[in-house]
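Student:
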């Protein structure tokens with residue numbers, strides 16, 4: 005009989021917390037709307053995966069057959085589009101500063117003559133290196149075009165000398181260079197940044213929502229806790245588990261939407277089973293919830309949680325190692341952010357889901373998440389007990 009009563013009490017607290025969440029527009033906005041809208045907005049923005057047909061200006065001082073061929077070949081690449089041809093660099097600069105073009109390619113006078121004579125020639129590329137996505141596209145397109153043009157000229161000369169095509173190709177490339185692009189073969193920015201970002205969005209919105217509820221309890225002392233304390237024989241363990249279960253149920257559904265449907269809809273790499281994905285997500289979600297319940301009691305006002313967690317969002321993403329190599333992050337900073345479950349989850353998630361590793365390859369990260377679950381469960385229990393004792397002390401006074 006007692007286990008049934010325990011389950012009933014836990015279920016009652018879960019139901020109370022769910023009703024509280026559903027009746028608070030701010031919590032609904034953070035928990036539900038943010039997790040529905042943010043992944044779709046970000047994934048939609050990056051859905052082209054690559055920057056294509058980048059507008060560039062051409063300054064052709066040579067105006068020869070070879071220079072025009074180079075321009076046609078450059079325009080044929082998918083990365084850039086020759087949208088303007090101008091007579092001098094001053095005109096090209098004006099277009100660049102007005103953002104009408106994203107780069108400039110300048111072909112010098114005598115380009116064809118030097119190429120035909122077998123002398124070294126050059127093509128100047130001007131691009132905004134601070135915008136690395138645009139810079140990469142223009143640079144790679146120009147290098148590919150120039151290399152292809154050089155190869156064609158070299159092979160043509162070899163054929164004139166009497167060599168056959170096979171010998172000419174071998175002479176041009178005596179060492180064949182093969183590159184295996186793993187995990188993200190098209191070098192797409194969406195596939196690079198969105199999988200880890202979705203995990204961080206789940207963590208930060210959950211922590212913000214739990215923090216807002218904690219701030220509400222601080223602002224309004226006659227919140228549901230006092231009501232429950234007066235109407236039920238409270239066991240703190242039931243109280244903690246009931247609150248936990250409410251958040252867990254909501255974010256299991258959100259996880260299905262973000263990590264399964266959104267991931268599949270936008271075609272991000274998926275090289276694991278959903279069972280292994282669940283093996284990672286459950287301890288991750290559990291650790292976040294208990295961590296949020298621990299820190300929630302320290303927010304005095306509702307907006308404190310929002311300001312604090314939004315402020316930490318960029319450092320949290322940065323220290324996961326997803327957008328910047330771990331080796332380049334200061335040791336003390338990375339160790340400081342070990343308190344966040346995402347620091348362990350994101351590397352493990354990327355290795356399992358994107359790279360195709362098995363869960364035993366990320367066992368250290370899984371153990372770290374399980375340790376966080378235990379530690380944060382204990383700290384949440386202590387923190388909530390302290391908070392309830394404060395309320396009881398106020399009632400006595």
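Residue numbers (my numbering): 5 to 401.
By construction, the Cβ of each residue, glycine as well, lies at the ideal position given by its N, Cα and C atoms.
In whole angstroms, what is the alpha-carbon distance linking residue 446 and residue 323?
Tutor: The requested residue 446 does not occur in the structure, where the chain is confined to residues 5 to 401.
Student: Within its chain, find whatever has a CB closer than 6 Å to the CB of residue 234; leave out the 5 residues flanking it on each side and keep chain order.
Tutor: Because the pLDDT at residue 234 is just 47, under 50, the model does not fix this residue reliably, and the value given afterwards should be weighed accordingly. There are no such residues.
Student: When you compare only the Cα positions, how much space is there between residue 2 and residue 163?
Tutor: Residue 2 falls outside the range modelled here, since the chain spans only 5 to 401, and no answer is possible.
Student: Candidates 258, 370, 377, 362: which alpha carbon is nearest residue 291's?
Tutor: When only C-alpha atoms are compared, the closest one is 377.
Student: Using 8 Å as the Cβ pair cut-off and three pairs as the minimum, do the stretch 62-74 and the stretch 31-45 touch?
Tutor: Touching, no.
Student: Rounded to the nearest angstrom, how far is the Cβ of residue 145 from that of residue 83, given a contact under 8 Å?
Tutor: Contact holds; Cβ gap of about 4 Å.
Student: Whose CA, out of 72, 108, 166, 301, lies closest to the CA of residue 88?
Tutor: If we check each option's Cα against that of residue 88, 108 comes out closest.
Student: Quick check on residue 271: buried or exposed, where buried means 16 or more other Cβ atoms within 10 Å of its Cβ?
Tutor: So residue 271 ends up on the exposed side.
Student: Out of 303, 389, 266, which one is the CA nearest neighbour of residue 213?
Tutor: Checked all of 303, 389, 266; the closest Cα to residue 213 is 303.
Student: Is there contact between the stretch 90-101 and the stretch 136-151, where contact requires at least three CB pairs shorter than 8 Å?
Tutor: With a cut-off of 8 Å, the stretch 136-151 and the stretch 90-101 do not count as touching, because too few Cβ pairs lie within range.
Student: Checking the sheet assignment: what are the DSSP bridge partners for residue 58?
Tutor: According to DSSP, residue 58 bridges with 84.
Student: Would you kindly check if the distance between the Cβ of residue 371 and the Cβ of residue 294 is under 7 Å?
Tutor: Not a contact, by the Cβ cut-off of 7 Å.
Student: Work out the CA separation of residue 288 and residue 239 for me, nearest whole Å.
Tutor: Cα-Cα distance, rounded: 26 Å.
Student: Using a threshold of 7 Å, state whether the C-beta atoms of residue 301 and residue 391 are closer than that.
Tutor: Yes, the pair counts as a contact, with Cβ atoms nearer than the cut-off.
Student: How many Å lie between residue 137 and residue 55 at the Cα?
Tutor: Computed Cα separation, rounded: 7 Å.
Student: With a threshold of 8 Å on Cβ separation, who are the neighbours of residue 266 within its own chain once the five nearest residues in sequence on each side are excluded?
Tutor: Here the set comprises 43, 44, 47, 202.
Student: Could you check whether residue 332 and residue 351 sit closer than 7 Å to each other, using their CB atoms as the reference points?
Tutor: Contact: no.
Student: Quick check: the Cα distance between residue 8 and residue 17, rounded to an integer number of angstroms?
Tutor: Approximately 14 Å between the Cα atoms of the pair.
Student: For residue 383, which residues from the same chain have a beta carbon less than 6 Å from its beta carbon, with the 5 sequence-adjacent residues on both sides left out?
Tutor: So the qualifying residues of the chain are 298.
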